[in-house]
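Chains W and P, in that order, give the protein sequences.
Heads up, the first sequence is in the numbering used here, so the first residue is 338 and it goes up one at a time.
Heads up, the second sequence is in the numbering used here, so the first residue is 3 and it goes up one at a time.
Every residue gets a Cβ at the ideal spot worked out from N, C-alpha and C, and that includes glycine.
Values in this document were obtained by computation on a predicted structure and should not be read as measured data.
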Amino acid sequence: SQWGEENLQALSIQEGEDVTMNCSYKTYTTVVHWYRQDSGRGPALIILIRSNEREKRSGRLRATLDTSSQSSSLSITAAQCEDTAVYFCATGTNTGKLTFGDGTVLTVKP
Amino acid sequence: EAAVTQSPRNKVAVTGGKVTLSCNQTNNHNNMYWYRQDTGHGLRLIHYSYGAGSTEKGDIPDGYKASRPSQENFSLILELATPSQTSVYFCASGEGQTGTEVFFGKGTRLTVV
Chain W
338 SQWGEENLQA LSIQEGEDVT MNCSYKTYTT VVHWYRQDSG RGPALIILIR SNEREKRSGR
398 LRATLDTSSQ SSSLSITAAQ CEDTAVYFCA TGTNTGKLTF GDGTVLTVKP
Chain P
3 EAAVTQSPRN KVAVTGGKVT LSCNQTNNHN NMYWYRQDTG HGLRLIHYSY GAGSTEKGDI
63 PDGYKASRPS QENFSLILEL ATPSQTSVYF CASGEGQTGT EVFFGKGTRL TVV
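Structure, rendered in structure tokens:
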């Protein structure tokens with residue numbers, strides 16, 4: 338598998354808290370995608386980080402990429418109930434194929 | 003807005019039967035993909051295509067065929083469905099370059115009994 342973490346993880350937090358999700362990958366990549374999947378829907382891209390960016394921000398989202406340790410993280414600041422979803426990291430190739438990790442189920446409680 | 007439409011959304015099939023899942027995209031993307039997602043796991047690539055007439059094997063192609071008759075349409079075919087193919091299937095399209103977004107459909111839930 339491309340990804341070191343094989344099992345779906347679950348996180349449960351209170352609204353307003355910050356949360357960080359981590360992924361590690363085994364083979365070289367220049368791009369890490371973070372996708373969000375809502376119940377009954379397909380995944381949707383929320384942030385993409387390249388190897389020359391170390392950190393990328395989009396609204397309350399912050400992604401990091403450490404190519405030396407082959408790991409990436411996604412942080413959500415001041416989480417809201419609507420952030421409840423499954424979050425996946427994925428590496429991409431030059432053909433556009435994505436290899437997904439198993440994901441993190443995030444539940445934000447009011 | 004990028005649009006990928008899958009049909010049917012739900013399907014119950016009998017073991018040994020033939021199943022065809024259809025996908026249509028209006029993004030004019032060259033590349034299309036079929037993934038399956040099993041409970042508690044990420045998506046795994048079954049087949050993909052670079053354009054009309056092309057199909058390529060992904061990471062888990064056994065038991066599946068694909069067909070890309072046009073730029074817009076990409077089908078996944080299970081010639082002899084088995085219970086192990088019970089899963090949720092996602093079609094996607096993309097430009098096919100590193101670091102570009104891949105757009106997913108809403109998925110087809112297939113149950114093989």
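- So which residues of chain P does Asp-331(W) contact, with C-beta pairs closer than 8 Å? With chain W covering 338 to 447 only, the question about residue 331(W) has no answer from this structure.
Between the stretch 352-369 of chain W and chain P, which residues of the former have CB atoms less than 7 Å from a CB of the latter, in chain order?
-> Cβ contacts with chain P come from Thr-367 and Val-368.
- Alpha-carbon to alpha-carbon, Ser-395(W) and His-49(P): Taking the first residue of the second sequence as position 1, residue 49(P) is located at position 47. Taking the first residue of the first sequence as position 1, residue 395(W) is located at position 58. Rounded to whole angstroms, His-49(P) to Ser-395(W) spans 32 Å at the Cα level.
Kindly indicate which three-state DSSP category Asp-403(W) falls into: helix, strand or coil? Walking along the first sequence from the start, residue 403(W) turns up at place 66. Three-state result, Asp-403(W): strand.
Check the Cβ of Leu-47(P) against every Cβ in chain W and list those closer than 8 Å, keeping chain order. Locating residue 47(P) in the second sequence gives position 45, counting from the first residue. Simply Lys-434, Leu-435 and Thr-436.
For Glu-103(P), count the other beta carbons within 10 Å of its own beta carbon; 16 or more makes it buried, fewer makes it exposed. Which is it? Residue 103(P) sits at position 101 when you count from the first residue of the second sequence. Counting C-beta atoms within 10 angstroms of its own C-beta, Glu-103(P) has 16 or more neighbours from the protein chains shown and is therefore classed as buried.
Mapping the DSSP letters down to three states, classify Glu-419(W) as helix, strand or coil.
Counting from 1 along the first sequence, the entry for residue 419(W) is found at position 82. Three-state DSSP puts Glu-419(W) in a helix.
Indicate whether at least one CB of chain P lies closer than 9 Å to the CB of Leu-348(W). Here residue 348(W) refers to the residue found at position 11 when the first sequence is read from its first residue. No - not a single Cβ of chain P is within 9 Å of the one on Leu-348(W).
Practice task
Give, in chain order, every unbroken run of the beta strand (DSSP E) that is at least 3 residues long and sits entirely within the stretch 340-399 of chain W.
Solution key: Within the stretch 340-399 of chain W, the complete beta strand (DSSP E) runs of at least 3 residues are 346-351, 356-361, 368-374, 381-387 and 392-395.
Open item on the list: Against chain B, with Cβ distances strictly below 9 Å, would Thr-430(W) count as a contact?
Closed with: No chain B appears in the structure shown, which is made up of the protein chains W and P.
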